[in-house]
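These notes are about the structure you will find just below.
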Amino acid sequence: MSDAPAPVGVGESGNLVEIRDLYYSVGRRPVFSGLNINMRRGRITAIMGPSGTGKTTLLRLMTGQIRPDRGTIIVDGLDLAGLNRAGLYGLRRRMGMLFQNGALLTDLDVFENVAFPLREHTDLPERLIRHIVLTKLHAVGLRGAAQMYPAELSGGMARRVALARAMVMDPDILIYDEPFAGLDPISLGVILRLIRQMNDALGITSIVVSHDVQELSTIADDSYLLSEGRVVASGSPEELHANTSEVVRQFMNGMADGPVPFHFPAPDYSAQLLARGERRRRRRI
Amino acid sequence: MITLLRELWRSTREALVQLGRVFLFFLQLLAFTPAALMRMRLIVHQIFNAGALSLVIIMTCGLFVGMVLGLLGYDLLSRVGSEEVLGAGAALALTKQLGPVMTALLFAGRAGTALASEIGLMRATDQLSAMQMMAVDPVRRVVLPRFLGGVVAMPCLTAIFISIGIFGVQLVGIQQVGIDSGSFWSQMRSAVELDDIREGMVKGCVFGVACSLIAVYEGYNSLPTAEGVGRATTRTVVISSVATLLLNFMLTAFML
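In order, the protein sequences belong to chains E and L.
Heads up: take any position in the first sequence, counting from 1, add 300, and you land on this note's numbering.
Heads up: take any position in the second sequence, counting from 1, add 30, and you land on this note's numbering.
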C-alpha cells in the first residue's frame, strides 16, 4: 500500500510541518512505516484514523517528545532531529498544545493556569499579565471562572481553559489532541467554533487529531486518514467523503467491520472453545 | 544453586543500576540548584508543605517518644540509684539517635509520600507533559523546589522533634516522678556537647537529602497509572526507611 499524495498545489514553502518517510515502533510493533504528511501554514489540518493508529504518537513525534526510528520531521524549517534541548524548547514556545484531558495544573486556579507560560517565559508586569490572561479567558468565555480551580470545572470548561493557556503566548501552531472526546453537544459546538475562530483571527496553523469525522469535516481545510502506520487518504473532507477506498469508507461511515477488523487477532474461536487443559488466567484478588 | 546465584547477581546488578540512576538524578538537581535559588517563592512554598504541614505529627510523636524515654530511663536508672542522669541520657539519645532517625521515618511517611504521589499524579494526568510542551522543564519547576523544600525542612523538624522530646522527658522526670529539676538540667548541660548537637543536625541534613531525593525520584519516575503512583508511594516509604537506618549506622560509625 503506498501513501496517498499530499494535498495538491502546495509548494514546499507553504508547509509549516513536513513529515518525510517516518518510521517509529514501540517494541517490535511498528506504529509508522514510511509516513509522509504536509501541513500547510495557516490552515486547519485534521489527522484522523481509528483508535490505536498512532495519532497521539504522531503529535508526540511532531513536538519532539519522542524521537522517530527513522525519517525527518521539519517544523517551520527546523529539522527536529538536529535540535538540542534548548532548540526544542525554543520551538515549543511557538507551539500551543491542547491535551486530551486539558492537563491543567491542579494546584493553580484558572487564572494562574493561563498565566503560567507568561510567568515562566516573560518578565511582564503584573498588570499586563492580568490584562492578557483576562483577554484570553474572555475569548473562551470563561473570564468569570478565573478564580475557580480545575477540580471545580466541567470537562468542556477545563478544555476551554487549556485552550486559553495554549494560546496565551500567541503561538504559530496550535495542536489539539482529541479535543472533542467526552464533550456534550454544547461544549463540542463551542470548542469547534473556537478552533475555527482562533485559526482565522490569529492566523495560526492548527493541527487537530481526532476520530470524530463529522465534527472535523466542518472545520478542517485538509485531512489525512491514517491506518496501519500509513496515510491511506488525504485531501479536503469532501474528497475523503467521496473516496471509494474500502478502508476510507469504513472509517468515514463508521462501519463496525471491514478492512479494520472488529476482532482483535485471536486463535480460531471454535478451537479455543473446545480446547482442553488450557490454563485459566483468571486471578483471584 | 547456579540459578540462585544468577538471580542474586541479576538483582544486585539491577540495584546498582537503579542507584546509579538516582545518583545521576541527584547530580542533575544539584546542577539546577543555583538557578532555582533565584526563585525562593517556590522553595518557601514547598518548605511550608513539607515542613509546616508535618509539624503536628512531628511534635506529637516527639512528645510521646520523650515521655516513654523518660519512663524507661527512670525505671532503669532508679535501679542503680542514678535518676538524676536521666536528663543527660535522654538528651543524648534524642539528639544523636532518636531525634534524627524518628524524624526521618515520620518525614518519609508524611511528606515523602505526599511528594511522591503529587509528582506521580502530575505525570499520570499529563501535567508534566503539558509543562514540557510549554517549554518549561518539570525537573526545574516541579521536582527541584520540592526537593529543596524537603532538604531545608528536615533539619528544622529534627531540631523541633529533639526539643519537644526533651520537654516530654522532663514532663515525666521532673513533673511526674519528681527528679530534682536542678540536677536534671545541669546534668544535661554538662553531658551534651556541641559535637553531639552537630551530629544530630548533620544526620538530619543527610536524612533530609536522602528522603527528599527518594521521594521526588520515585514520583517523577512512576508509571502514569493509579497502580504506578501507588507503587511509587510505597517504594518511597520502604526505601526511605531502609536508607535512613543504613545511613544512620554509617554516620554513627563515622562520627563516633
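From the three backbone atoms N, C-alpha and C, an ideal C-beta is built for every residue, glycine too.
Note that the coordinates shown come from a computational prediction; the quantities given were computed from them, not determined experimentally.
Query raised in the report: In this structure, does DSSP put Ile475 of chain E in helix, strand or coil?
Result: strand
Report task. Tell me where the alpha helix (DSSP H) around Val259 of chain L begins and ends. Result -> Ala256 to Met285
Query - Distance between Gly354 of chain E and Asp512 of chain E (C-alpha atoms, nearest Å) - result: 15 Å
**Report entry** Neighbouring residues, chain E, relative to Thr155 of chain L (Cβ below 8 Å)
**Finding:** Asn401, Ala403 and Thr406
Query - Contacting residues, own chain, Cβ-Cβ under 6 Å from Met285 of chain L (five flanking each side not counted) - result: Glu229
Requested in this report: State yes or no: is the C-beta of Thr188 of chain L within less than 9 Å of the C-beta of Met231 of chain L?
Outcome: yes
Query - chain E within 9 Å of Gln58 of chain L, Cβ atoms only - result: no
**Report entry** Stretch pair the region 427-434 of chain E + the region 355-371 of chain E: three plus CB contacts closer than 8 Å
**Finding:** no
Query raised in the report: Is there a Cβ from chain E that is less than 9 Å from the Cβ of Ala144 of chain L?
Result: no
Query raised in the report: At a cut of 8 Å, does the region 311-331 of chain E reach the region 386-394 of chain E through at least three beta carbon pairs?
Result: no
Report task. Grab the span of the beta strand (DSSP E) containing Gly371 of chain E for me, first residue to last. Result -> Arg370 to Val375
Query raised in the report: For the beta strand (DSSP E) that Asp321 of chain E lies in, which residues bound it at each end?
Result: Asn315 to Val326
**Report entry** DSSP state of Gly103 of chain L mapped onto helix, strand, coil
**Finding:** helix
**Report entry** Three-state class that DSSP yields for Phe332 of chain E in the structure shown
**Finding:** strand
Query raised in the report: Does the distance from the CB of Leu492 of chain E to the CB of Glu515 of chain E come in under 9 Å?
Result: yes
Query raised in the report: Can you name the residues of chain E whose CB is closer than 7 Å to the CB of Val166 of chain L?
Result: Glu420
Query raised in the report: Under the DSSP definition of a beta bridge, which residues are partnered with Val246 of chain L?
Result: DSSP, once it has assigned bridges, lists no residue as partnering Val246 of chain L.
Query - Below-9 Å beta-carbon distance, Met161 of chain L vs any chain E residue - result: yes
Query raised in the report: Is the distance from the Cβ of Leu359 of chain E to the Cβ of Val375 of chain E below 9 Å?
Result: no
Query raised in the report: For Val532 of chain E, does the three-state DSSP call read helix, strand or coil?
Result: strand
Report task. Note down, in chain order, every chain L residue with its Cβ under 8 Å from the Cβ of Arg392 of chain E. Result -> Gln162, Met163, Met164 and Ala165
Query raised in the report: Ser147 of chain L: which of L:Tyr247, L:Ala61 and L:Thr33 sits nearest, CA to CA?
Result: L:Tyr247
**Report entry** Nearest-angstrom Cα separation, counted from Phe279 of chain L out to Thr372 of chain E
**Finding:** 54 Å
Query raised in the report: CA-CA distance, Thr422 of chain E and Gln58 of chain L?
Result: 25 Å
Query raised in the report: Which class does Asp225 of chain L belong to by DSSP, given the choice of helix, strand or coil?
Result: helix
Query raised in the report: Using the rule of at least 16 other Cβ atoms within 10 Å of the residue's Cβ for burial, across every protein chain shown, is Thr266 of chain L buried or exposed?
Result: buried
Query raised in the report: Just checking my contact of Met469 of chain E with Pro417 of chain E at CB under 8 Å: how many whole Å lie between their CB atoms?
Result: 5 Å
Report task. Tell me whether the beta-carbon of Leu526 of chain E lies closer than 9 Å to the beta-carbon of Asn499 of chain E. Result -> no
Report task. Please go through the region 46-103 of chain L and give each complete alpha helix (DSSP H) segment of 4 or more residues, from N-terminal end onward. Result -> 70-80
Report task. Give me the Cα-Cα distance between Pro565 of chain E and Ser534 of chain E, rounded to the nearest whole angstrom. Result -> 28 Å
Query raised in the report: Alpha carbon to alpha carbon, how far is Gly444 of chain E from Leu405 of chain E?
Result: 19 Å
Requested in this report: Taking C-beta pairs closer than 9 Å, name the residues in chain L that Tyr389 of chain E reaches, listed in chain order.
Outcome: Gln162, Ala165, Val166 and Asp167
Query raised in the report: Distance, Cα to Cα, Asp477 of chain E vs Ala466 of chain E?
Result: 12 Å
Requested in this report: Classify Ser252 of chain L as helix, strand or coil using the three-state DSSP reduction.
Outcome: coil
Query raised in the report: Looking at C-alpha atoms only, which residue of E:Asn315, E:Thr435, E:Ala501 and E:Val490 is the closest neighbour of Phe411 of chain E?
Result: E:Thr435
Query raised in the report: Quick one: does Met89 of chain L have its CB under 9 Å from some CB of chain E?
Result: no
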